[in-house]
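Here's the structure we're looking at; comments come further down.
In the working numbering, the protein residues as written are 308 to 840.
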């Protein structure tokens, strides 16, 4: 029995031993499988998995490091500080700061650039933790993700948001951001900066004659010339169309000296932009008008103010004959404010009917009345009668001339119809002034004929009075419209003759009934031989 018991105990011990071996083998197999699985995950990861000693450098790098940086893991481990030496100089301070904080137990998540073996820069998003070994060495274990494509996409989005797609220059959004910074810096340092508003003269001509692709080519050449005229720290921006802005910083704190510095640059720009251009084999000459304003110093102002002033000065340069520059003067701002007020009041006048027609008599040498000229006047509720010389230019530029011109035509035709019922006035002809903008409207002929028909006025008693400015653009279309109205009995008169662009070759093709010679030619006809001629 005792022997049998010993045998049974021995068998049990052997069974336990065999069980321990099986469990150890199973555990070892599972460990190896797990280790292999993690190794495959690490080695096939698109991120760089690494471990490095804070004192000795690289310990382990996953194979992805060669794909990203072009260096093998073995090479990096043999050259422990190669990675650190490959970091972009502008990012080294950021990485050094992160590592210093890392020593105190703070994990880091940073983005920085490293140069690969081919000399290209890659962006990495690096996140890691620290492990303190028994020997005291601090081990950095982390993942570095290649985010170069993401950064490039962000850069492209940034470019699209803040750059002009044609020229690559800063757009209005970026200009306003830089202008805001310049205003703050100029105020803080009590210095003067300058803003140049540049508008090309007659840019529309090249688009109309050569096409928009040639116009784009010209804008690119102008961009190159503008950037060559300024310093590296200055800003050249394109607002759109043919408008550019130059921001000049760090000028003198003395206003007169700053103005001189800005004038030197503006004069240089005028000269450079005025040189001939070669646009795909086509010679072209272009000029520009420049408005200049200073800003900065102790006074504070909004970012829109300098831009408004420079634009007003540019319009003064246009009015002065173009291809020149003008500095902003306070009177320009007052004039612009008055103009804006007058335009708002003019809109109200068109809506509420504040206009009245006067009829200036026309007669021959026998002093008999042969006709009248309809003259519009603005009966302002506070100012009284406002001269056409004051409000017609604003009506032209704002587009209000179209509803105003229609009102004049309708009122004149109603009056013609009323006079037709009186025998002594039934033969009177009425001249009505028509602006170039009105005449160029596609439906102008139909509009005039409709107004005549609705009011019952005789076409032969209506005479449309044009100025030579009508003949500047698309003369063929003008002639077609004139002939269409002439065929229905409407007459034509050409006003201010001699001051515009008319040539005899055009005049003989126009169905004109009357030429009104500009008074500048006849005022001194009895005393000036040139006027007499």
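Beta carbons are placed, not taken as given, at the ideal position from N, Cα and C, and that holds for glycine.
Item to check | Closer than 8 Å to chain C by CB, residue 699 | outcome: Of the chains in the structure shown, none is chain C; there is only one protein chain.
Item to check | Between the CA atoms of residue 679 and residue 737 - distance to the nearest angstrom | outcome: Going by the C-alpha atoms only, they are around 5 Å apart.
Item to check | Ranges of the alpha helix (DSSP H) found wholly within the stretch 511-591, counting only runs of at least 4 | outcome: Counting only runs of 4 or more, we get 519-536, 562-580.
Next on the checklist: Which of the three DSSP states is assigned to residue 823 in this structure?
Outcome noted: Assigned with DSSP and collapsed to three states, residue 823 falls in strand.
Checklist entry - Which term fits residue 745, buried or exposed, when burial requires 16 or more other beta carbons within 10 angstroms of its beta carbon? => result Residue 745 comes out buried.
Checklist entry - Are residue 616 and residue 624 closer than 8 Å when you measure CB to CB? => result For residue 616 and residue 624, no; Cβs fall outside 8 Å.
Next on the checklist: Using 8 Å for Cβ pairs, my map puts residue 580 next to residue 567. What's the rounded Cβ distance?
Outcome noted: Contact flag wrong, Cβ pair sits at about 21 Å.
Checklist entry - Is the stretch 478-496 in contact with the stretch 416-436, if contact means three or more CB pairs nearer than 8 Å? => result No, the stretch 478-496 is not in contact with the stretch 416-436.
Checklist entry - Can the beta-carbon of residue 769 be found less than 8 Å from the beta-carbon of residue 789? => result Contact flag unset, no.
Checklist entry - Taking contact to mean at least 3 C-beta pairs separated by less than 8 Å, is the stretch 602-616 in contact with the stretch 508-522? => result The answer is no - the stretch 508-522 does not touch the stretch 602-616, with fewer than three Cβ pairs under 8 Å.
Checklist entry - Looking at the structure shown, is residue 781 part of a helix, part of a strand, or coil, going by DSSP? => result Coil at residue 781, not helix or strand.
Checklist entry - Assuming residue 715 and residue 752 make a contact with CB atoms under 8 Å, what is their CB distance in whole Å? => result Contact doesn't hold; Cβ gap of about 17 Å is too wide.
Checklist entry - How long is the line joining the alpha carbons of residue 801 and residue 469, rounded to whole angstroms? => result For residue 801 and residue 469, the distance between alpha carbons rounds to 50 Å.
Item to check | Expected contact under 8 Å - CB spacing of residue 860 and residue 413 to nearest Å | outcome: Residue 860 is absent from the model: the chain starts at 308 and stops at 840.
Checklist entry - Pairing CB atoms from the stretch 542-557 with CB atoms from the stretch 464-483, are three or more of them under 8 Å? => result Yes, since at least three Cβ pairs between the stretch 542-557 and the stretch 464-483 fall closer than 8 Å, the two stretches touch.
Next on the checklist: By DSSP's criteria, residue 293 is part of a beta bridge. Which residues make up the other side?
Outcome noted: Outside the shown range of the chain (308 to 840) lies residue 293, about which nothing can therefore be said.
Checklist entry - Looking at C-beta atoms only, is the number of pairs between the stretch 379-389 and the stretch 461-478 that lie closer than 8 Å three or more? => result When C-beta atoms of the stretch 379-389 are compared with those of the stretch 461-478, fewer than three pairs fall below 8 Å, so the two segments do not count as touching.
Item to check | Through-space distance from residue 583 to residue 497, alpha-carbon basis | outcome: Roughly 40 Å separates the two Cα atoms.
Next on the checklist: At the level of alpha carbons, what is the spacing between residue 475 and residue 831?
Outcome noted: Residue 475 and residue 831: Cα-Cα distance of roughly 57 Å.
Checklist entry - Which residue spans inside the stretch 664-745 form an unbroken beta strand (DSSP E) run of at least 3? => result Considered as a whole, the stretch 664-745 harbours 676-687, 691-693, 736-740 as its complete beta strand (DSSP E) runs of no fewer than 3 residues, in chain order.
Next on the checklist: Tell me which residue opens and which closes the beta strand (DSSP E) that residue 452 is part of.
Outcome noted: Annotation: the continuous beta strand (DSSP E) that includes residue 452 extends over 445-453.
Next on the checklist: Buried or exposed for residue 668, going by 16 or more other Cβ atoms inside 10 Å?
Outcome noted: Exposed: under 16 other Cβ atoms inside 10 Å.
Item to check | Nearest-angstrom Cβ-Cβ length linking residue 501 and residue 565, presumed shorter than 8 Å | outcome: Going by Cβ atoms, the distance from residue 501 to residue 565 rounds to 7 Å, so yes, they are a contact pair.
Item to check | Rounded straight-line distance, which links the Cα of residue 330 to that of residue 450 | outcome: So the two alpha carbons sit approximately 35 Å from each other.
Next on the checklist: Between the alpha carbons of residue 637 and residue 397, how many angstroms are there, rounded?
Outcome noted: Taking the straight line from one Cα to the other gives about 46 Å.
Item to check | Reference residue 452; option with closest CA among 635, 723, 376, 461 | outcome: Minimum Cα-Cα distance from residue 452 among the listed residues 635, 723, 376, 461 corresponds to 376.
Next on the checklist: Among the candidates 454, 815, 425, whose CA atom is the shortest distance from the CA of residue 419?
Outcome noted: If we check each option's Cα against that of residue 419, 454 comes out closest.
Checklist entry - Under a three-way DSSP split, which group does residue 633 fall into? => result Residue state, collapsed to three classes: strand.
Item to check | Burial state of residue 471, where buried means 16 or more other Cβ atoms lie within 10 Å | outcome: Under this definition residue 471 is a buried residue.
Item to check | Where the alpha helix (DSSP H) through residue 382 begins and ends | outcome: Where residue 382 is concerned, the enclosing alpha helix (DSSP H) starts and stops at 380-385.
Checklist entry - Is residue 795 near residue 771, with beta carbons less than 8 Å apart? => result No, these two residues do not count as a Cβ contact at 8 Å.
Checklist entry - So, is residue 561 buried or exposed, given that buried needs 16 or more other C-beta atoms within 10 angstroms? => result Counting Cβ neighbours within 10 Å, residue 561 comes out exposed, since fewer than 16 surround it.
Item to check | Residues bridged to residue 422 [DSSP beta-bridge criterion] | outcome: Paired residues: 428.
Item to check | residue 608, DSSP secondary structure in three states | outcome: Residue 608 carries a coil assignment under DSSP once its states are collapsed to helix, strand and coil.
Item to check | Coarse secondary structure for residue 627, derived from DSSP in three states | outcome: Note: residue 627 maps to coil in three-state DSSP.
Next on the checklist: Can you look up residue 308 in the DSSP assignment and give me helix, strand or coil?
Outcome noted: In this prediction, residue 308 scores a pLDDT of 47, lower than 50, which makes its location untrustworthy; the coordinate-derived value is nonetheless stated afterwards. The answer is coil: DSSP assigns residue 308 none of H, G, I, E or B.
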